[in-house]
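The structure appears right after this line, and notes come after that.
Numbering (the working numbering), first residue to last: 9 to 307.
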C-alpha cells in the first residue's frame, strides 16, 4: 500500500491523489525506472496519471471524491542464452481521496447523537496474468505474471484484496491462483449527527512479469539456444471503484434514522457516484493481452 503523506491535516477538507512507480530490469541490457511519484490536489479536483516505461510497463488512472480509477500493465520476454538471462518488470499504481461529510437528521432533536453509517463501494474491473514457454530444452526456467489489488478506507476492516498469479518454475508444477476483488465492498463507521466526519478510500494495484533461463541451460553440450519465456500481468480497475451510496443510518439500537448528507466536495454520498465510462483502457488492456498471447504461441 502507498502511504499518502500530504494533505491530511485538519485544514484539508478534501483532497485527491494518484501515485505511480515503474521499473524494468534485464540482466543483459540493464535497468530503468520512474521513481515513486504522487500527483495531488489539495482541493479535491481531478488528478490523473498515464505513464509508460520501455514498452513493458504502463500505469493509468485518476481520482475524484467518491471515484477512483487505476490500471497497470507489465510484460517480460527473454530468449535463452549460454550465459543465462533474466528480466523482471513491475508497475505500481494507486488512487486515493479524502472528503468530509455531515449527516443531518430530519428530527433535529437527534443532533449530537452517535449513529452508524452503512454504505458500500462498487467495484468494476479485472485482473489477468499469463505465461508462455516455447522450445525449451532445459527443465530449469522461471516465468511468472503477478497482479495484486487492494481497497481500503473508512469503515473497512483492514484491506479487501485480490490477486492473480500464474507461472512456473521448472521442473516444478504450474502455479495458478485467481482471487478477484468482490463487486461490492460494504463499509460501516460511526459518526455524530450534525458533526463533521472524514472519509478516505484507496485503490492500489501492482503488477509484475518475470522471465528467466539459468546459466548454461543451452549452448555447447547443453542443446540449442533460442527458447522463449514470456509473461504478462495486468490489472484494470479504471472502470472503477466508486462510492455506492449510504444504505442506512441507524441509532444505537439499530433503528433507521431519516437523514440528509452534505460534503466538503459537493458530492452527494447518499447515492451512488456514477463513473464516467473508461472503456478505452479496458479495451486496450484486453487487446494487448490477446495480442501478446497469440504472438507468444506462434513464436
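Cβ coordinates follow ideal geometry from the N, Cα and C atoms, glycine included. These numbers come from a predicted model, not from an experiment.
What does a CB cutoff of less than 6 Å around residue i pick up in its chain, not counting 5 residues either side in sequence?
i: residue 189; result: 131, 157, 170
i: residue 236; result: 87, 142
i: residue 97; result: 32, 64, 65, 82, 84, 217
i: residue 100; result: 29, 214
i: residue 220; result: 94, 150
i: residue 222; result: 92, 148
Given residue i, which residues of its chain have a CB within under 8 Å of its CB, disregarding the five upstream and five downstream residues?
i: residue 22; result: 51, 52, 73, 105, 106, 107, 108, 271, 272, 273
i: residue 202; result: 110, 111, 112, 113, 119, 120
i: residue 20; result: 50, 106
i: residue 39; result: 31, 32, 33
i: residue 226; result: 88, 89, 90, 145, 146, 232, 233, 234, 235
i: residue 185; result: 171, 172, 173, 174
i: residue 54; result: 24, 70, 71, 72
Where does residue i sit, in a helix, a strand or coil, going by DSSP?
i: residue 132; result: coil
i: residue 39; result: strand
i: residue 119; result: coil
i: residue 261; result: coil
i: residue 22; result: coil
i: residue 234; result: coil
i: residue 64; result: coil
i: residue 103; result: strand
i: residue 217; result: strand
i: residue 148; result: coil
i: residue 190; result: coil
i: residue 54; result: coil
i: residue 201; result: coil
i: residue 28; result: strand
i: residue 181; result: coil
i: residue 286; result: Its pLDDT being 47, under 50, residue 286 is placed unreliably by the model, and the measurement read from it follows with that caveat. In the structure shown, residue 286 sits in coil (DSSP, three-state: anything other than H, G, I, E or B).
Let me confirm a value: residue i is counted as buried when at least 16 other C-beta atoms fall within 10 Å, else exposed. Which label applies?
i: residue 24; result: buried
i: residue 180; result: exposed
i: residue 255; result: exposed
i: residue 134; result: buried
i: residue 282; result: exposed
i: residue 248; result: buried
i: residue 70; result: buried
i: residue 187; result: exposed
i: residue 228; result: exposed
i: residue 183; result: exposed
Kindly indicate the opening and closing residues of the beta strand (DSSP E) around residue i.
i: residue 277; result: Element bounds for residue 277: n/a, residue is neither H nor E.
i: residue 89; result: Residue 89 -> no beta strand (DSSP E), and no H or E assigned at all.
i: residue 169; result: 167-177
i: residue 269; result: 267-271
Quick one: what's got a C-beta closer than 7 Å to residue i's C-beta in the same chain, skipping five residues either side?
i: residue 265; result: 113, 118, 123, 257, 258, 259
Stretch-stretch touch, CB-based, cutoff 8 Å, three pairs: the region 46-65 with the region 122-130
With a cut-off of 8 Å, the region 122-130 and the region 46-65 do not count as touching, because too few Cβ pairs lie within range.
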